[in-house]
Amino acid sequence: MPSDSDVESDTRSRQKAKAELVARAAALRPSPREQAGCGETDRVVPAPVTDALEEAGVFRLLTPKRYGGLETDLRTLTEVSQTLGTADGSSAWTGTAPIPTRA
Numbered sequence: 004m005p006s007d008s009d010v011e012s013d014t015r016s017r018q019k020a021k022a023e024l025v026a027r028a029a030a031l032r033p034s035p036r037e038q039a040g041c042g043e044t045d046r047v048v049p050a051p052v053t054d055a056l057e058e059a060g061v062f063r064l065l066t067p068k069r070y071g072g073l074e075t076d077l078r079t080l081t082e083v084s085q086t087l088g089t090a091d092g093s094s095a096w097t098g099t100a101p102i103p104t105r106a
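Set out below in structure tokens:
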């Protein structure tokens, strides 16, 4: 059974990881915002946006670590999606819909 300090350390580590992932999503917002017009016209999320989402690890949020993913929780997924959605809803959906990943 893990000690209280182990549990506290794990909680702090998860909170730090969540904050970092949300910050990455916030840093991506200019790209989807700028590309939203192209996405509407072409009816697809532009490749520069999906490339940025992939580079930031967004597609691997729910993938288990043993398969190269980030293995985050649903709260983190939701916060990342919400952050991306402030720039472009389609990009948020594409990046965080809980579907099989590209990993």
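Positions in the sequence shown are counted from 1; adding 3 to them yields our numbering. Glycine residues also receive a C-beta, built at the ideal position from the N, C-alpha and C atoms. Just so it is clear, the structure is predicted and the values come from calculations on it, not from any experiment.
*Taking V52 as the reference, give the member of A20, E43, P35 and S16 with the closest Cα.*
Along the sequence shown, one-based indexing puts residue 52 at 49. The option with the nearest alpha carbon to V52 is P35.
*Where A49 falls, given that 16 or more other Cβ within 10 Å makes a residue buried*: What you label residue 49 is simply residue 46 of the sequence shown in a count that begins at 1. Here the sequence assigns Pro to residue 49, which means Ala is not the residue at that position. Under this definition P49 is a buried residue.
*Do you know how far the Cα of S12 is from the Cα of T44?*
Looking up residue 44 in the sequence shown gives position 41. Looking up residue 12 in the sequence shown gives position 9. The alpha-carbon atoms of T44 and S12 are separated by roughly 48 Å.
*For D91, count neighbouring C-beta atoms within 10 Å of its own C-beta (all shown protein chains included) and say buried if the count is 16 or more, exposed if not.*
For the purposes of this step, residue 91 is taken as residue 88 along the sequence shown, with counting starting at 1. Classification for D91: buried.
*Over what stretch of residues does the alpha helix (DSSP H) that includes R36 continue unbroken?*
Within the sequence shown, the letter at position 33 stands for residue 36. In the DSSP assignment, R36 falls within the unbroken alpha helix (DSSP H) covering P33 to D45.
*Can S94 and A39 be called in contact, C-beta distance under 9 Å?*
To locate residue 94, count along the sequence shown from 1; it is residue 91. To locate residue 39, count along the sequence shown from 1; it is residue 36. Result yes, Cβ atoms of S94 and A39 sit closer than 9 Å.
*Would you say G88 faces chain B, with C-beta separation under 9 Å as the test?*
Considering every chain present, this structure includes no chain B. It has just one protein chain.
_So, at 6 Å on beta carbons, what are the nonlocal neighbours of R32 in its own chain, with the 5 sequence-adjacent residues on each side left out?_
Locating residue 32 in the sequence shown gives position 29, counting from the first residue. Excluding sequence neighbours, R32 sits near A90.
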